[in-house]
Amino acid sequence: MSDEERVYLDGELHLTLETVARIYRVEVVWLREVYDRGLLGSGRPAQRTVCIAAARLDHVATVVRLRHLVGADVDALARALADAVAEL
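The following block contains the structure:
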């Protein structure tokens, strides 16, 4: 992983969306749409892209697993996440 893919903001490691997409083997465009819908939590703009905290990778893994269950449709994914949160 190059230094451009890792960004430290306020002392916390963040990864670019492109790096996260490569880690989880999903399309960058799909991950950006998920991010834009607010389903990955907050991110930080950096170096012509968006970065998310490395501490959020468990959540990203959950989103990717749900994608395999409900498909790539971001609306269906949002409903599945809302249902999961409501059950807690």
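For reference, each letter of the sequence shown is one residue, going 1437 to 1524 in my numbering. We put the beta carbon where it would ideally sit given N, CA and C, even for glycine.
Asked	Found
Which stretch, first to last residue, makes up the beta strand (DSSP E) that contains R1442?	R1442 to L1445
Assuming V1443 and L1453 are in contact, meaning their beta carbons sit under 8 Å apart, how far apart are those beta carbons, in whole angstroms?	No, V1443 and L1453 are not in contact; Cβ-Cβ is about 11 Å, not under 8 Å.
If contacts are defined as beta-carbon pairs under 8 Å, then H1495 and G1477 qualify, I think. What distance do you get, rounded to the angstrom?	7 Å
Measuring alpha carbon to alpha carbon, tell me which of R1501, L1517 and D1511 ends up nearest R1461.	R1501
Let me make sure I understand the geometry here. Which of L1451, G1447 and D1519 has the alpha-carbon closest to that of R1484?	L1451
Our contact map puts L1445 next to R1480 with C-beta atoms below 8 Å; I'd like the distance itself, whole angstroms only.	5 Å
In chain order, what residues of the same chain have a beta carbon less than 8 Å from the beta carbon of S1470, not counting five sequence neighbours either side?	One point to set straight first is that residue 1470 is Val, not Ser, in the sequence displayed. Answer for V1470: L1476, V1499, V1510 and L1513, listed in chain order.
State the Cα-Cα distance for the pair R1492 and D1519, rounded to the nearest angstrom.	20 Å
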